[in-house]
Amino acid sequence: MMSVFLFLNRCPNANDETVRLSGNGQGTSNVFSLNMFEFNGGNREIFLHCKLELCVRMGNSCQPTCKPRSRRRRRASKYVDKNPAIISMSWTK
1 MMSVFLFLNR CPNANDETVR LSGNGQGTSN VFSLNMFEFN GGNREIFLHC KLELCVRMGN
61 SCQPTCKPRS RRRRRASKYV DKNPAIISMS WTK
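Residues 1 to 93 (full-length UniProt numbering) make up the sequence shown, in order.
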């Protein structure tokens, strides 16, 4: 089974330029986006597993310090935007 890590140490994986994250640790919600590959033939299912950390802020920020990504030469995108998946989660007491 193949595994791809989208985030490492609460920051977007530096090896994947397509992963974007907004609001990480700045409020009560976060948004991320990425371009994913498509399988050729066979099983076309992709499973997304999430491990979430809830931060209860007590004085200090919950925002991680992420290293800036290296400035690589941008290539034309090899991905096609279609069929976005929207995943919503909420916690209640």
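For glycine and all other residues, C-beta sits at the position ideal for the given N, C-alpha and C.
Between Asn35 and Thr18, the gap from beta carbon to beta carbon is short of 8 Å. Membership of Leu21 in the beta strand (DSSP E) is indicated by the continuous run 20-22.
Cys55 sits close to Cys62, with the two beta carbons spaced by under 8 Å.
The three-state secondary structure of Pro12, taken from DSSP, is strand.
Relative to the Cα of Asn24, the nearest Cα in the group Ser33, Asn15, Cys11, Asp16 belongs to Cys11.
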